[in-house]
Each structure stands twice: as C-alpha cells, then as structure tokens.
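S.K.: Numbering (the working numbering), first residue to last: 1028 to 1331. Ideal Cβ placement from N, Cα and C applies to all residues, glycine included. Since this is a predicted model, take the numbers as computed values, not measurements.
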C-alpha cells in the first residue's frame, strides 16, 4: 500500500524510519527485477525490504497495482497455479536514490516548476512531427520544417541552461526528457528517411542529450529490437528497431493509411506486412508492363 507520506510499503512491512529517504519517490507502477549493479542507498533498501520473504532476496518488487505489490514469479509456478504469465520489464532504470528524485521541499519547488515549464514549452513537438510526416503539400512541409527546426533550436538552448546537465533539469532525469525523447527518436529515424529532415550538427547539446538518453538502461529496453512475441503478434515484418519504425510510418508518409488499415482488416496476419507486399506486387507489375513495351531498353531485362 501507499501510506500518507507517499512511501510504498508491503502489507505488514516493517521498514525502519531512519532508513527511509527524506523524499521518497511515489511510483504508480514499480518496474523492477534484479538491480543492474551492486548499488546501495536508502531508496534501494526500501525496495529490498519490500521483497522480504520472496524466494530470491536479490529481486525487488515489480508492479504496484491497486495498492497491491506483485512480485515476479516463475512461469512454471504460474502455470502450475493456473495463472497467466506476467509481462514484466527486464530491469528498472538505474538506482532509485534520492539524487534522482524531484524534491518538492526545496523552498521553491524549482525543479518541478522547470520540468512543467519545459513540457509546456515543447508541447507542439509531437504535432509538428506528425504534421510534417503526413502533409501532402510540399510547400506546407517546407513551412512545417522551418517551425520544427525553430523548436529544436529552443530545446537545444534549453539544454544549456543548467551547466550540471545533460538533461533539461540539469543532472535530474525528469518527465520533461521523457516527453520529448520518443519524438526526437522519430525525427532522427523517420523524418530523415521520408522527409529529408535532419537535426543539424550545430544543435550539439540536443545531439549530446539524445546520445545520453539512448544509453540509459530503461531507454535501451524501450528501444530494443522486437521480441519474438512482438513478431508473432503484429502485422509488421522488420525486427530491428529503426527498420520497424520506418515500416510502421511508411503508409502515413505515403498518405495511404486507410489502404493499410483496410488491407489488414481483410487479410492481415501476424508477422506479415500485406501493405508492403501489395506495394511490391504493384511495382513488379508496373515494371513488367514497361518490359513488354520495350524489352531492349529495360535494364533488368538486359541483365537477365
């Protein structure tokens, strides 16, 4: 349960008050398995106390759901008890120490204020990405590219405000960073391919921030290549993260999302991109038609 001080407790937990961090972090969802490193601080001690009595005391709680802490259980044991498997992440993001916590009692609440301010300042980023990707007008896309570049310059400038860096709130990793990361990733991967839009080298602080973000363990998990379960579930063929993103956004870039949806409603199946297969079939038929009109001028026919 979560007590009045926003401290996450096990039912009947007996943590010692003097071991609790001054400003514990409140999790609505606690993702955890085994710590990446032998790290020991007040926050980690809380999590270890919550796992007291588990079969493996090196594991820490995984999920807080409706005030109940669910611990990781082996698939074999769950099957024996007739329970479905748990979908759990592989590990939590670094430590849960006080240095990573947004303090609301710093006199002015400056970090929380900055975080919310940054989120407001960068609020148009997702819409600019989407509009630039789906706009059918080249003239409009030029206008959108100009606006997007201007906002990226603002973010680059914001990243210079705190010398402690590398995040928007200095050395504290906050929701302000999490808010923009997925869009920046898609700018780097998707817009560079479909709209020839690149983050210029002059935005060095933004580029450095993106590299640092990509190295965070939780980000590496979130941006990892697709799992076997994903390949067996969704109607896309590519396994690598970047190729998968390009595959997902292809129909939007070509303004054929309705066709994609209709094809998958009719004949879609897991692991097969029927939209891409149809596109390749159309290209083959067009190429064959050209060949029939003039085989001598068709490079592929000459080669074959």
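(1) In this structure, how does DSSP classify residue 1241 when only helix, strand and coil are distinguished?
(2) Got a sec: is the Cβ-Cβ distance from residue 1257 to anything in chain D below 8 Å?
(3) Which same chain residues, not among the five before or five after residue 1295, have their C-beta less than 8 Å away from its C-beta?
(4) Whose C-alpha, out of 1139, 1245, 1257, is nearest the C-alpha of residue 1195?
(5) Is residue 1169 buried or exposed, if buried means 16 or more other CB atoms sit within 10 Å of its CB?
(6) Could you compute how far the alpha carbon of residue 1216 sits from the alpha carbon of residue 1108?
(7) Helix or strand or just coil, what does DSSP make of residue 1253?
(8) Cα separation between residue 1283 and residue 1143?
(9) Is it true that the CB of residue 1267 sits closer than 8 Å to the CB of residue 1252?
(10) As a quick exercise: from 1203, 1237, 1246, pick the residue whose alpha carbon is nearest that of residue 1214.
(11) Express the C-alpha separation of residue 1305 and residue 1145 in angstroms, rounding to a whole number.
(12) For the alpha helix (DSSP H) that contains residue 1259, what are its first and last residues?
(13) Quick one: is residue 1151 buried, meaning 16 or more other Cβ sit within 10 Å of its Cβ, or exposed?
(14) Could you say which of 1166, 1180, 1298, 1162 lies nearest to residue 1256 if we only look at CA atoms?
(15) Give me the residue from 1271, 1259, 1187, 1254 with the minimum Cα distance to residue 1235.
M.R.: In terms of the structure at hand:
(1) helix
(2) Absent from the structure: chain D. Only one protein chain is present.
(3) Cβ neighbours of residue 1295 beyond the five flanking positions: 1262, 1301.
(4) 1139
(5) If you draw a 10 Å sphere on the C-beta of residue 1169, you find fewer than 16 other C-beta atoms in it, and that means exposed.
(6) Cα-Cα distance, rounded: 44 Å.
(7) coil
(8) 36 Å
(9) Yes.
(10) 1237
(11) 43 Å
(12) Neither: residue 1259 is in no alpha helix (DSSP H) and is coded neither H nor E.
(13) exposed
(14) 1298
(15) Minimum Cα distance to residue 1235 is reached at 1187.
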